[in-house]
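Q: Right, I'll just put the structure down here and ask away after.
In mature numbering (1 follows the signal peptide of the UniProt record, and there is no 0), the protein residues as written are -31 to -1, 1 to 124.
Quick look at the structure:
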């Protein structure tokens, strides 16, 4: 599969989460609803080096959710978070978000940042806050803030 568009996989992911929760109902149902088994975080999108568009979505997911899974969850909640990716030997490579595709000729790509505070357009994150791993290995953390920024790679 060279490109991945959210659709059936997103529905499958949500159904698997729902079935997991339904399987937990019974004598231990209260434990399955405990907030310790979920994390809350934000996923932001900035478009352009000068940030012409910005979106922020609060999310809540099961512990050990990868950022790729979080992206699928976000895309099912808000169409601005729809994305396309390429499945490579190194994992999913994000090539398009919110209808904005990478521009290889002009060296403009989608870069992911993992931060402890909400991203602030007046105090743009530096390269030290770029995630050292891709979306398949980045595990979302409670209170974390994740930013996908479409910008030039001239760091």
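For glycine and all other residues, C-beta sits at the position ideal for the given N, C-alpha and C. In this text the structure is predicted, and so the values were computed from the model without any measurement.
Grab the span of the alpha helix (DSSP H) containing residue 37 for me, first residue to last.
A: Start and end: 36 to 46.
Q: Ends of the beta strand (DSSP E) at residue 84?
A: For residue 84, the enclosing beta strand (DSSP E) covers residues 77 to 84.
Q: Kindly indicate which three-state DSSP category residue -15 falls into: helix, strand or coil?
A: Bear in mind that a pLDDT of 41 at residue -15, under 50, signals an unreliable position, so the model cannot answer this.
Q: Taking the straight line between their C-alpha atoms, what separation do you get for residue 7 and residue 82?
A: 21 Å
Q: Does the segment 14 to 25 come within contact of the segment 104 to 121, defined as at least 3 CB pairs closer than 8 Å?
A: yes
Q: Taking residue 119 as part of the beta strand (DSSP E), name the residues at either end of that continuous run.
A: 114 to 121
Q: Between 110, 109, 105, 10, which lies nearest to residue 58 when the distance is taken from Cα to Cα?
A: Per the C-alpha coordinates, the member of 110, 109, 105, 10 positioned closest to residue 58 is 105.
Q: What residue from 102, 114, 13 has the CA that sits closest to residue 60's CA?
A: 102
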